[in-house]
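Single-structure report; data block below.
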Amino acid sequence: MQLHCLGTVGYHPNAQRHTSCYFLPESGLLLDAGTGVFRLAPLIQTDSLDVLLSHAHLDHTCGLTFLLDVLFESPVKTCRIWGEKDKLDAVRKHLFNDLIFPASLNAEWMEIDSLDEFQIADTTITHRPQDHPGGSVAYRVEWPKQQKQLVYATDNTGDTSDEMAQWGHECDLLMQECYFRDSSAEWAKKTGHCWTSRVAEVAQRIHPKKLLVTHINPLELCDDPVDLDVIRNAVDCPVVLAEDEMMIEF
Ligand SMILES: [Zn+2]
Ligand SMILES: [Zn+2]
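In this text, residue positions in the sequence shown follow UniProt numbering: the first is 1, and each later residue adds one.
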């Protein structure tokens, strides 16, 4: 499977990175819709586009307004936007308010609240609530035929529970956010984000085959924004720092 990193920071873009957005072209699945959405059109290979929203914060949704251009350049037959009802309602009411964005999007809005499991293209998807202001969800995407699993866990404080460890157990790719270094761990807890050592703990519990560190702090412009060696020394799988326009195979 291929995963394209279209936007890899939280909060706001910087000179190197756009806000959160990842694409799985083989299944037409977009994970969140931050400003990185403008990179999507040439990668679309399917008749359908399905967007999984972790929550409604702007760094994950503002790119929904870019879809008009994306779908003009690469038309699809169906476009669906999946998420919790209160988040979808907020996006429709506020982001797509006439005074904010005066055009309507030809998309179906799909509420996941009462769905234990749902199918999109060749995948089966489940979700779990996460600790984050207003709440967010983590998604597990499974490709039964290829026997591949991906866990997308962004905007959380690092779930080290038994339930999470079981749910994500030995997935092929774990995408875990890391907004802060350990020196800002207290601030991370207050703002509902994760920090370096906590990412290592989450990965130690889940045992992914590959770990992709995402949702970087946009104020960090150096090559190693999260002290990656702390994580690498704690886990036995490859650890990759997400970069815009990087393609990951798993
Ligand atoms: Zn975010
Ligand atoms: Zn958030």
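By construction, the Cβ of each residue, glycine as well, lies at the ideal position given by its N, Cα and C atoms.
Counterpart residues of residue i in DSSP-defined beta bridges
| i | result |
| --- | --- |
| LYS148 | TRP143 |
| TYR22 | CYS5 and LEU31 |
| GLN119 | THR124 |
| LEU49 | CYS79 |
| CYS248 | Checking the displayed sequence, the identity of residue 248 turns out to be Ile instead of Cys. In DSSP, ILE248 forms a bridge with LEU3. |
| GLU111 | GLY83 |
| VAL199 | Its beta-bridge partners do not exist; DSSP assigns none. |
Expected contact under 8 Å - CB spacing of residue i and residue j to nearest Å
| i | j | result |
| --- | --- | --- |
| THR124 | PRO144 | 6 Å |
| PHE250 | LYS148 | 7 Å |
| ARG198 | GLY158 | 4 Å |
| LEU6 | LEU40 | 6 Å |
| GLY28 | HIS215 | Between HIS215 and GLY28 the Cβ distance is about 23 Å, and since that is not below 8 Å, they are no contact. |
Burial state of residue i (16 or more Cβ within 10 Å)
| i | result |
| --- | --- |
| PHE66 | buried |
| CYS194 | buried |
| ASP32 | buried |
| CYS222 | exposed |
| THR78 | exposed |
| ASP50 | buried |
| LEU115 | exposed |
| ASN106 | exposed |
| MET164 | buried |
| GLN176 | buried |
| LYS190 | exposed |
Rounded C-alpha distance that separates residue i from residue j
| i | j | result |
| --- | --- | --- |
| ARG205 | HIS169 | 8 Å |
| ASP186 | THR154 | Going by the sequence as given, residue 186 is Glu instead of Asp. Using only the alpha carbons, I get a separation of about 18 Å. |
| SER48 | ARG92 | 21 Å |
| ALA200 | LEU99 | 44 Å |
| PHE237 | PHE72 | Position check: residue 237 holds Cys in this sequence, whereas Phe was assumed. Whole-angstrom Cα-Cα distance: 40 Å. |
| ASN233 | VAL239 | 10 Å |
| SER184 | VAL76 | 43 Å |
| THR19 | PRO225 | 15 Å |
| ASP227 | PRO25 | 31 Å |
Interface flag, residue i vs chain B, CB-CB below 9 Å
| i | result |
| --- | --- |
| ASP172 | In summary, chain B is missing from the structure at hand, where a single protein chain is found. |
Residue i in three-state terms, based on DSSP
| i | result |
| --- | --- |
| residue 257 | Beyond the ends of the chain as shown, which are 1 and 250, falls residue 257; an answer cannot be given. |
| PRO129 | strand |
| ILE216 | strand |
| SER184 | helix |
| SER136 | strand |
| GLU163 | helix |
| VAL235 | coil |
| GLN176 | strand |
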